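In full-length UniProt numbering, the protein residues as written are 1 to 100. A virtual CB, placed ideally from N, CA and C, is assigned to each residue, including glycine. From a predicted model like this one, the values you see are computed outputs, not experimental measurements. Below you'll find the structure, written out as structure tokens, and then a few comments.
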């Protein structure tokens, strides 16, 4: 589920992984702390309240890659520990306009 764990990760191998996962309707792939999403060009049942609840408060990587896991982790990190300052965070969303 995390391409960064491969011993020999290169551009060709990553593209093969993304292609294979896309064909299996697994549009999200982790590469370390990065989540890659490939537009499926169709509706997939990935965004229901039940799916959201499944990813809430689970350690990143304990479930398949999903945007809900990343956003839950970011939100919880922003909460920080009571009485302590939390670290700065950045979320980068990149892609072609209108691509999904």
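Which listed residue (the options) has its alpha carbon closest to that of residue i
i: residue 37; options: 57, 63, 21 and 27; result: 27
i: residue 15; options: 69, 29, 90 and 91; result: 29
i: residue 91; options: 19, 46, 8 and 33; result: 33
i: residue 76; options: 58, 93, 64 and 66; result: 58
i: residue 95; options: 39, 61 and 55; result: 39
i: residue 42; options: 24, 11 and 8; result: 24
i: residue 3; options: 88, 65 and 74; result: 65
i: residue 67; options: 52, 21 and 78; result: 52
Boundaries (first-last residue) of the beta strand (DSSP E) holding residue i
i: residue 37; result: 34–37
DSSP beta-bridge partners of residue i
i: residue 2; result: 30
Extent of the continuous alpha helix (DSSP H) to which residue i belongs
i: residue 44; result: Careful: residue 44 lies outside any alpha helix (DSSP H) and carries neither H nor E.
i: residue 143; result: One cannot answer for residue 143 here, as it falls past the ends of the chain, which runs 1 to 100.
Contact belief for residue i with residue j at Cβ below 8 Å, rounded distance in angstroms
i: residue 63; j: residue 73; result: At roughly 12 Å, the Cβ-Cβ gap does not stay under 8 Å, so residue 63 and residue 73 are not in contact.
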